[in-house]
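As structure tokens, the structure follows; a few thoughts come after it.
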Amino acid sequence: MNTFNFRKQFKRRWRRWKRTVWMTAALLAVTILAYSGLSISSAIERLLTTNFSEATSVMGPVTQETRSEQEIQALVEQLDSDPDHLTSVVLETQYICGVETEQLGKMARPQLKMLLAQHPEWDATVGTSDELHLKQRVDDLSPLCKQQAYISIDAVGNLNLYEGKPAEEKVIRTFFQLDVGTLESSLPEGVLEQLQQGIRIQDKDEYDSVISTFSDYAVDEDHHLIRNGG
Numbered sequence: 044m045n046t047f048n049f050r051k052q053f054k055r056r057w058r059r060w061k062r063t064v065w066m067t068a069a070l071l072a073v074t075i076l077a078y079s080g081l082s083i084s085s086a087i088e089r090l091l092t093t094n095f096s097e098a099t100s101v102m103g104p105v106t107q108e109t110r111s112e113q114e115i116q117a118l119v120e121q122l123d124s125d126p127d128h129l130t131s132v133v134l135e136t137q138y139i140c141g142v143e144t145e146q147l148g149k150m151a152r153p154q155l156k157m158l159l160a161q162h163p164e165w166d167a168t169v170g171t172s173d174e175l176h177l178k179q180r181v182d183d184l185s186p187l188c189k190q191q192a193y194i195s196i197d198a199v200g201n202l203n204l205y206e207g208k209p210a211e212e213k214v215i216r217t218f219f220q221l222d223v224g225t226l227e228s229s230l231p232e233g234v235l236e237q238l239q240q241g242i243r244i245q246d247k248d249e250y251d252s253v254i255s256t257f258s259d260y261a262v263d264e265d266h267h268l269i270r271n272g273g
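For the sequence shown, position 184 (counting from the first letter as 1) is numbered 227 according to my numbering, and the numbering increases by one without interruption.
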């Protein structure tokens, strides 16, 4: 048997082994849940129907972005020309709610080039000859926002995202203006009062759900309902 055929057979056996492991784990999880009287979660259901040839997609998307050597070199050349000079690297993470800044330390040119090549999705700008600024965007709430973010309505009907309780008036973002009258008459009693007091937002699912719910009552500049064609 030549090396090529051996590799082909090994790969086929490896794929069969992975499918067996996945199915065994899924069935074991279902058995445990059934025995304990718990309902099967949607995650387990997805696991049972997963196309194993696409199993890597379950682990998250793989970025297809690249940063060329020319782009990397152009950035590095804006820094101190001394090859032994260490550059301070700052990473800013912008969330849909909140911003965090992290000092990544000081790096020599080879380290900078490696970092820029490994993270082409990060925006990179040179602040000074001694500092490189990196920026990434995360489609989630920051850890701080998850602890203290609220969505509420202000005195003129604007739907806002607040850092802390709405009474503190620390507005992070304004989404749109609401038709308060239609909102009050359409939704169950107490919803408007709850919104005025502030709806606690602890994760992106809650964030998206609240925005989606109240977007039905958004109005344009002439105070006409946008989604419902008021």
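C-beta: ideal position from N, C-alpha, C; glycine also.
Quick caveat: nothing in here was measured; it's all calculated off a predicted structure.
Comparing alpha-carbon positions, the option among Asp-183, Thr-144, Gly-170 and Phe-257 lying closest to Gly-224 turns out to be Phe-257. For Gln-239, same chain residues with a beta-carbon under 7 Å away, outside a window of 5 residues either side, are Ser-195 and Ile-196 in chain order. In the three-state DSSP reduction, Asp-222 falls in the coil class, being neither helix nor strand. One alpha carbon belongs to Leu-226, the other to Gln-191, and they sit about 25 Å apart. Note on geometry: alpha-carbon atoms of Leu-155 and Gly-141 lie some 26 Å from one another. As the crow flies, the alpha-carbon of Ser-111 is around 45 Å from that of Glu-212.
Restricting attention to Val-119, Tyr-250, Val-253 and Tyr-260, the CA atom closest to the CA of Thr-171 is found in Val-119. In the three-state reduction of the DSSP assignment, Glu-174 falls in the strand class, which pools E and B.
Taking a 10 Å sphere around the C-beta of Gly-241, we find 16 or more other C-beta atoms and assign the residue as buried. Non-local C-beta neighbours of Glu-143 in its own chain, meaning closer than 7 Å and more than five positions away in sequence, comprise Thr-136 and Ser-185, ordered along the chain.
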